[in-house]
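Visitor:
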Amino acid sequence: MCGDGICCATDGETIDNCQVDCDTGGGGGGDPDSFTVSGFIGFDANDDGVWNDGDANKVEDTYQSDCGAFYNLSPAADLRISWINNSVGGDLGEINYHTDCAPSYSKTYQNDGEYDFTLNNLPAGYSVYAIDHNVAAGCTLVGNTATCGQLSDNNAYTINFFIKSNTPPATPLPCPTGFNVSCAPSGNQVTISWNNLTGAVSYFLRLNKIPYDDWYNPGGGDFALESVNPSQTHDITAGSEYKYDVQGRKPGEPWPYSGARCPYATFTCIEPRSCNVTSVSANPSSIAIGEQSSIGASVTAQGGTINSVNFTSSPNPDGSVTLSGQNPDPAPAPYGVTATGVTAGGVTITATATMDDLITTCTGNTSLTISRQAWWQVIDADVSTNGSLISLVPPSASYYFDVLGSGGYPGIPAYGLGGSTNLTTTNVSEEGWLAQSGYNASKRYDYNYFHSAIPSGVTPEVIGVNPMPDNYIADNYDDDIGNIDSQGYHWYESDGGSMDYLTINSESLTNKKVILLVNNSVNLTGQINLTRGLGFFLLASSGNIAVDPGVGGGGTPNLEGIFVSDGEFQTGTETDGSRNIFDSQLRVRGTVASYGTIRLQRNLGSGNDTTPAQLFELAPDLILHFPNALGTRNMNWQEVAP
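Read in order, the letters of the sequence shown correspond to residues 1 to 642 in the UniProt record's numbering.
1. Is L151 closer than 9 Å to A137 when the C-beta atoms are compared?
2. Using DSSP bridges, identify the partner residues of W83.
3. If you follow the alpha helix (DSSP H) that H451 is part of, which residue opens it and which one closes it?
4. Where does D475 fall in DSSP's three states?
5. Quick check on P315: does DSSP put it in helix, strand or coil?
6. Would you mind working out which of I581, P455, V458 and N448 sits nearest L539, comparing C-alpha positions?
7. Considering only the beta carbon of each residue, do Y242 and L197 sit closer than 9 Å?
8. Closest to I598 by C-alpha separation, out of Y157, D356, V564 and S285, would be which residue?
9. Taking only the alpha-carbon atoms, compute the straight-line gap between G416 and G387 and give it to the nearest angstrom.
10. Express the C-alpha separation of V190 and E271 in angstroms, rounding to a whole number.
11. By DSSP's criteria, R532 is part of a beta bridge. Which residues make up the other side?
12. So the candidates are G496, T611, T348 and N519; which of them puts its Cα closest to the Cα of S281?
13. Run through the stretch 32 to 64 for me and flag every whole beta strand (DSSP E) of 3 or more residues, listed as ranges in chain order.
14. Find the nearest neighbour of A619 within the set L630, S406 and G526, judged by alpha-carbon distance.
15. Report buried or exposed for S452, applying the criterion of at least 16 other Cβ atoms within 10 angstroms of its Cβ.
16. Mark D16 as exposed unless 16 or more other C-beta atoms lie within 10 angstroms of its C-beta, in which case mark it buried.
17. Distance check for P334 and P185, CA to CA, integer angstroms please.
18. Could you check how far apart the C-beta atoms of D495 and N476 are, in whole angstroms? I think they sit under 8 Å.
19. Drop a sphere of 10 angstroms on the beta-carbon of G93, count the other beta-carbons inside from all chains shown, and report buried for 16 or more, exposed for fewer.
20. Could you pull the DSSP bridge partners for P413 from this structure?
21. Quick check: what's the CA-CA separation for Q614 versus A301?
22. Of all the options T556, E461, M499 and F569, which has the alpha carbon lying nearest to the alpha carbon of L517?
23. Taking the alpha helix (DSSP H) that P620 falls in, what are its first and last residues?
24. Quick check: Q292 and T340, are their CB atoms within less than 9 Å of each other?
25. Beta strand (DSSP E) containing S320: first to last residue?
26. Could you compute how far the alpha carbon of G596 sits from the alpha carbon of G290?
27. Taking Cβ positions, are G482 and V458 nearer each other than 9 Å?
28. Just the Cα atoms here: how many angstroms apart are S74 and G42?
29. Grab the span of the beta strand (DSSP E) containing L517 for me, first residue to last.
30. Which class does N208 belong to by DSSP, given the choice of helix, strand or coil?
31. Give every residue of the same chain whose Cβ lies closer than 6 Å to the Cβ of H625, excluding the five residues on either side of it in the sequence, and list them in chain order.
32. Closer than 8 Å is the cut-off here; do at least three beta carbon pairs connect the stretch 542 to 561 with the stretch 583 to 593?
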C-alpha cells in the first residue's frame, strides 16, 4: 500500500493503475524519480538527407512574433508531438511545439517504459525522413512516429525530428567563376568581381575579416550583401586578411539560397609603401674649409617604417666635404650627419631614405657652400715679421698677396729666420719677391717711446671724455692750449679714466695732424679718415687696439694713420659660433705695428673666395709727414704687418 490507500508495487509492475516505484514509507505519497525528453524539428534545406543545415534551418514557432532567423513552415502549422507510454496504460499526452521562441521542445516524464513520439500537424508537402537520438535502447522511425526503447529515471534524452520537402529540389546554381580581387592603391578599399552566372538574378557576397567570425558588412548588421551586378566594392582595413565567398540566387528563390558558395578565398590589400624626405637642412649653410655643418633630414613614411637614411655629397660644381656620423641601420630619428669642408665651392648633400622592405626609397637634398678661409692682402707695401708669414691666398693666377699700388711695384714681404710661410714666388706678387730675414727688435718704438718724445714746451691736451663723441678731436682742433709743437702737430693724451679702454668714435680729420697717446687700451668704433697727402694721424696705445666689427666695407679705407699697440691689434669680427653671420672687409691705409699679436679675425664667408678679409695699403704720405720729434737719427721706416 502506498500512502493514501493507493496500491503500488516496487518491482516495476503496475497494479490497479498505481504509479510505479512509489515510496512505500508511511505518511503521504512520495515524489517519484523522473527523466526528460527534449529536441527540435529541423528542415533539411539542402535536401541531402543529412542534418548539416545549421541553426538557421531549425523550425521556429510560426504563431509567435518574430523570434529570430529560423525556418518557417509554409503553410504555417500548429506542430504538436504526441506521446504514449507503451508500458503503462493510460500514460499519454501531447506537447505543443510552439510554446516559446526557442525552436525546441522539452518535457519531464515520471514512468519508465517504451514510448512512442509522433510529430503531428505537419503540413502537406513535408514528411519526416529521420530522427536523431541518444536513447541507449534505440529508436525506430515509422512514418511520423518514433518508437524508443526503455526510457528510465534520472536520464536526459534527446530526440530530434528531421523533415524535408516532398517536392524534388531544383538543381542548384553552380559556383560563379572568373573571380577577381582588385585592391585600391590606398589598400583600404577592395572590388570583388566575377563572371555573370546563367540563371542568377542576384548574388550574395559574404566578406569576413579574419580572425573574426562575423560577416563583414560596411552597411551594418547583415551577414551578407546582395547585389544585382557581379561586382561589389567595399571599404576595408589595409593590411588585414579577409575571406570571401559568392552565391548565386535563382528568380523567386527564398532564403536560404540553394546555389553553391565559393571560392572561400582569402586576400590582403596592402597599404602601399611610400616615403617623403620633407626637408634636408645644413646649419650653417656656408662654412670654410675645415669647418663643420650639421646636416639634418626629416622623413615621413606610409605603409611601413624607415630602415635607413644615407647621406652622400657631390660637387656643385667644385666643392667637396667629408661626411661623418652616418645613421646606423635601421636608423632612428633624427637623421643627420656632420659635413666638414675639404675644398672650396658648392656641394649638394643628398639624403636617401630606404623603407623596411629595402626597396622603397625617397630622396631630398640641400646645398652647402664651402668658402675659403679668410685671408689678407697688402697693396704696395713691405711686410716684416720675425715670426711666420701666413695668408691663405686663393689658388688662382688672379690673386697675389702683395699687389701693385700707385708706386708701380709690390713691396717685399719678409718672414723671420725661425719662421715659415705658405707664400710662394708664384702667389706672393707679380714680381715674386719674398725674403726670409730678421730685423733688430732691440729698440722698441712703443707707447713709452712716443710718450718720452713729447717736445719740451708741449703739453698734450687731455681727453676728458670716454667714449669720445664723433669728431671730438676735429671739433676741438683749433683750441690752442699748448698742445701744438713747432711743426703744427697737435698732441693729445688719455688714460681712459675709470674705464679699461678709451672708445674713439669716428673722426674725419681731413688735413689735420694729430698724435694721440693712450695709456690704456683703445676701442675704435668708427672710421678715421684723412685727406690723402695732407693729414696725419698716429695712435700709440700701451694696451690693445681693438677695431669694432662694424667698422668696414665700402671699398675705401676705413682707417687711415699709423697704429701702434704694445699689446694686440684686433681687427674684430661679428661671426658667431654657428657662422650664420659674416663680416665686412676691413681696409687700412697706413701702418699697423704690434708688439703683441696682430689678430686677423674677420671672415667674409663665401666672400673669402675672391676678397681678402683685411686689406692693408701703404701710405707714403704718412711716412713723409712723420714728425721730426718722433724720429731717431738713421731711422728707416717701413710698412709693418703680420
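Glycine included, each C-beta is placed from N, C-alpha and C at the ideal position.
Guide: Straight from the coordinates:
1. yes
2. G93 and F117
3. Y447 to S452
4. helix
5. strand
6. N448
7. no
8. V564
9. 5 Å
10. 12 Å
11. For R532, which the question treats as bridged, DSSP gives no partner whatsoever.
12. T348
13. 35 to 39 and 41 to 43
14. S406
15. exposed
16. Reliability fails at D16, whose pLDDT of 40 lies under 50, so the model's placement of it is uncertain and the value that follows must be treated cautiously. With fewer than 16 Cβ atoms within 10 Å of its Cβ, D16 is classed as exposed.
17. 29 Å
18. So it is not a contact: roughly 18 Å between Cβ atoms.
19. exposed
20. V383
21. 50 Å
22. E461
23. P620 to L624
24. yes
25. S320 to S324
26. 27 Å
27. yes
28. 14 Å
29. K513 to V518
30. strand
31. F536
32. yes
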